[in-house]
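So for the sequence shown, the UniProt record's numbering puts the first residue at 1; every next one is plus one.
By construction, the Cβ of each residue, glycine as well, lies at the ideal position given by its N, Cα and C atoms.
These figures come from a predicted structure and were not determined experimentally.
Worksheet for the structure shown next.
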Amino acid sequence: MDSMSDFRRVADDVRNWGRWGDDDELGTLNFITPEKIAQAAAAVKHGRVFPLGVDFGSSGPQGAFQYRQNPTHVMTIDGGDANTLLEYGPSWLRNPAAVQLSGYSTAGPMRFNDDMIIMPLQAATQWDALSHVYYEDKLYNGFPADSVTSLGAYYLGIDKVAGLGITSRGVLLDIVTLRGVPTFCELGEPITPAELDEAARRQGVTIEPGDIVLIRTGWWARFLETGDGQEPGAGLDWTCASWMADHQVAAVAADNLMVENPASGVDGAILPMHMLCLRDMGLMLGEYWNLTELAADCAADGRYEFQLVAPPLSVTGAVGSPVNPIAIK
Ligand code: UVW
1 MDSMSDFRRV ADDVRNWGRW GDDDELGTLN FITPEKIAQA AAAVKHGRVF PLGVDFGSSG
61 PQGAFQYRQN PTHVMTIDGG DANTLLEYGP SWLRNPAAVQ LSGYSTAGPM RFNDDMIIMP
121 LQAATQWDAL SHVYYEDKLY NGFPADSVTS LGAYYLGIDK VAGLGITSRG VLLDIVTLRG
181 VPTFCELGEP ITPAELDEAA RRQGVTIEPG DIVLIRTGWW ARFLETGDGQ EPGAGLDWTC
241 ASWMADHQVA AVAADNLMVE NPASGVDGAI LPMHMLCLRD MGLMLGEYWN LTELAADCAA
301 DGRYEFQLVA PPLSVTGAVG SPVNPIAIK
């Protein structure tokens with residue numbers, strides 16, 4: 001187990017505060033240049049498309065937790081309403097909405113359905129915004145932690161990066177294959193920087209500045225087998241934050257619930273890699289990305305690079321966003 005002084009030494013080493021200006025709210029997304037985006041597009045060779053988003057439904061992984069819920073999907077207007085209103089309304093249903101809907105229904109044969117969703121923004125495939133975590137009252141780039149209020153994140157909300165679209169060269173590092181496990185990397189040894197290097201070497205791929213790195217641990221495939229959202233699996237060791245910094249990675253995402261290893265590895269710290277990536281480096285994390293089909297295709301053609309398009313929703317002041325990332329090969 002490492003100590004807080006180890007953590008602080010790494011934090012001082014990887015911190016990017018002021019690197020792109022004192023008012024920067026983009027962090028390592030600054031590594032994604034127009035040239036990088038053009039290079040990413042050139043990685044498309046066959047037109048194969050892999051949506052990496054999981055289902056936003058009631059049987060998702062967050063049902064296991066007390067402090068978050070799975071998405072709740074509610075119909076607000078449906079065919080039943082139209083028929084009921086035609087039969088009974090609006091003579092006795094006097095509210096304006098019923099009168100308006102009934103008016104649409106009596107105007108002709110055309111109908112419509114509406115719905116809404118209620119969900120934690122962290123419930124399924126997501127980006128963590130830079131305002132998601134903090135320590136010692138500071139967010140990335142030294143912005144004050146109390147600038148996140150019940151009204152949302154004044155600084156570093158997901159809306160601050162949404163204008164970029166978030167697209168770059170994506171590279172998959174398949175740790176399931178590297179470790180030779182059948183489905184997923186069970187909780188035990190965390191995934192180390194040396195394993196990331198070894199995965200890249202065996203796959204014949206080089207990590208370059210501005211890449212978005214996707215880590216396959218097999219957790220999502222395991223969740224689909226068991227339905228157990230709380231089953232822990234191996235994630236990245238906290239020291240992988242230095243690996244991300246050394247390679248000038250723009251963002252990292254994984255197929256598990258928190259990218260990093262559930263067992264912290266730093267005495268007295270929770271989520272040390274979250275803290276180093278989001279708060280010190282300004283590097284966004286993606287969670288619950290489904291990498292199974294993409295990994296199978298990469299293994300089949302031996303190409304682990306692709307164009308990745310992963311735009312968050314511009315939810316004003318939100319500390320995260322649902323996303324349906326697309327890998328195109
Ligand atoms: C926490 O667990 C706080 O965050 P995340 O959903 O990013 O893992």
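| Element boundaries [beta strand (DSSP E), containing Val49] | Val49 to Pro51
| request: Round the Cβ separation of Ile207 and Val259 to the nearest angstrom and send it over; I've been treating them as touching at under 8 angstroms. | output: Contact flag wrong, Cβ pair sits at about 16 angstroms.
| Nearest to Asp2 (by Cα), restricted to the options Pro232, Ala199, Asp267 and Asn113 | Asp267
| task | Could you say which of Asp115, Phe143 and Thr33 lies nearest to Tyr155 if we only look at CA atoms? | result | Phe143
| query | To which residues of the same chain is Ala221 closer than 7 angstroms at the C-beta, ignoring the five residues directly before and after it? | reply | Thr183, Phe184 and Thr292
| Should Glu231 be counted as a contact of ligand 1 given a C-beta to heavy atom distance under 7 angstroms? | no
| Is the beta carbon of Met258 within less than 7 angstroms of some heavy atom of ligand 1? | yes
| message | Met275 and Tyr104 - do their beta-carbons sit closer together than 8 angstroms? | response | no
| task | Using DSSP bridges, identify the partner residues of Gln126. | result | Glu287 and Pro322
| task | Find out if the Cβ-Cβ distance for the pair Gly317, Asp159 is shorter than 8 angstroms. | result | yes
| task | With a 10 Å radius around its C-beta and 16 neighbouring C-beta atoms as the bar for buried, classify residue 400 as buried or exposed. | result | The structure shown does not extend to residue 400, since the chain spans only 1 to 329, so no value can be given for it.
| field | Spatially closest choice to Ala250 from Ile118, Leu130 and Gln66, by CA coordinates | value | Leu130
| If you measure from the CB of Asp128, is any heavy atom of ligand 1 nearer than 7 angstroms? | yes
| message | Assuming Pro311 and Ala162 are in contact, meaning their beta carbons sit under 8 angstroms apart, how far apart are those beta carbons, in whole angstroms? | response | 7 angstroms
| Got a sec, what are the start and stop residues for the beta strand (DSSP E) Thr76 sits in? | Thr72 to Ile77
| said: Taking its Cβ as the centre, do 16 or more other Cβ atoms sit within 10 Å of Ser150, making it buried, or is it exposed? | reply: exposed
| task | Would you list the residues sitting across from Leu172 in a DSSP beta bridge? | result | Leu214
| said: Assuming the contact rule is C-beta atoms closer than 8 angstroms, Asp128 and Glu287 should be a hit. Round their C-beta distance to whole Å, please. | reply: 7 angstroms
| Sorry if obvious, but does the Cβ on Glu287 come closer than 7 angstroms to a heavy atom of ligand 1? | yes
| Helix or strand or just coil, what does DSSP make of Tyr135? | strand
| Under a Cβ-count criterion, where at least 16 other Cβ atoms within 10 Å of its own Cβ denotes burial, should Ala245 be classed as buried or exposed? | buried
| Simplified DSSP state of Glu293, which is helix, strand or coil | helix
| Where does Val49 land, buried or exposed, given buried means 16+ other C-beta within 10 angstroms? | exposed
| query | If you count every other CB in all the chains shown that lies within 10 Å of the CB of Ser102, and 16 or more means buried, which is it? | reply | buried
| query | So is the beta-carbon of Leu29 under 7 angstroms away from any non-hydrogen atom of ligand 1? | reply | no
| Considering only residues of the same chain and omitting the five flanking positions on each side of Cys298, which have a CB-CB separation below 6 angstroms? | Leu172 and Tyr304
| Residue range of the alpha helix (DSSP H) that Phe143 falls in? | Where Phe143 is concerned, there is no enclosing alpha helix (DSSP H), given that its DSSP letter is neither H nor E.
| With distances taken from CA atoms, which of Tyr67, Gln126, Asp115 and Ala38 is nearest Gly320? | Gln126
| task | Answer with buried or exposed for Ile118, where buried requires no fewer than 16 other C-beta atoms within 10 angstroms of its C-beta. | result | exposed
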